[in-house]
Amino acid sequence: MQSGQATRRDIVERTFKFGVSIVKIISSLPKTPAGYAVSNQIVRSGTSIGANIEEAQDGLTRKDFIHSMNIALKEAREAKYWLKIILESELIPIEKLDNLLDENIQIIRILTTIVKNSRKS
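Residue numbers (the working numbering): 14 to 134.
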């Protein structure tokens, strides 16, 4: 089992890589009004996850940490929504989104656990 510090480093790295993957995948979106709209939303939410987690690492108080991690969790859920929109609208083939959607779900689970455990301690 990982220590709390190792888990924190893991989620920082995973969400950074997730954000990079989001930035890369949007080039596959069609250059249409719908493609641009979805692109803006998924980039904003997908990259915000890691940014909020980075901010949480320097939280002055536990309350600051929990607040930033909770925002990251909300952004992860929003990113999941936009990935599902892309998938169901067939804007990008499922083969290109499968791993990204799976990673997003895992990030949501990890963040949910971190937020719940942080509130308990």
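We put the beta carbon where it would ideally sit given N, CA and C, even for glycine.
Residue i versus the options, residue with shortest Cα-Cα distance
i: Ser131; options: Ile24, Pro46, Phe78, Glu68; result: Phe78
i: Ala50; options: Lys87, Asn83, Ser102; result: Ser102
i: Val25; options: Gly48, Thr60, Val56, Ser134; result: Thr60
i: Ile98; options: Ser81, Ile84, Leu114; result: Leu114
Per-residue DSSP class, three states only, for residue i
i: Ile121; result: helix
i: Asp71; result: coil
i: Ile55; result: helix
i: Ile107; result: helix
i: Leu42; result: coil
i: Val102; result: Reading off the sequence, residue 102 comes out as Ser, not Val. Note: Ser102 maps to coil in three-state DSSP.
i: Ser134; result: coil
Expected contact under 8 Å - CB spacing of residue i and residue j to nearest Å
i: Ile62; j: Ala92; result: 7 Å
i: Ala89; j: Ile121; result: 5 Å
i: Lys109; j: Ser41; result: 6 Å
Below-8 Å beta-carbon distance, residue i vs any chain D residue
i: Asp115; result: Checking the listed chains, one finds no chain D in this structure; it contains a single protein chain.
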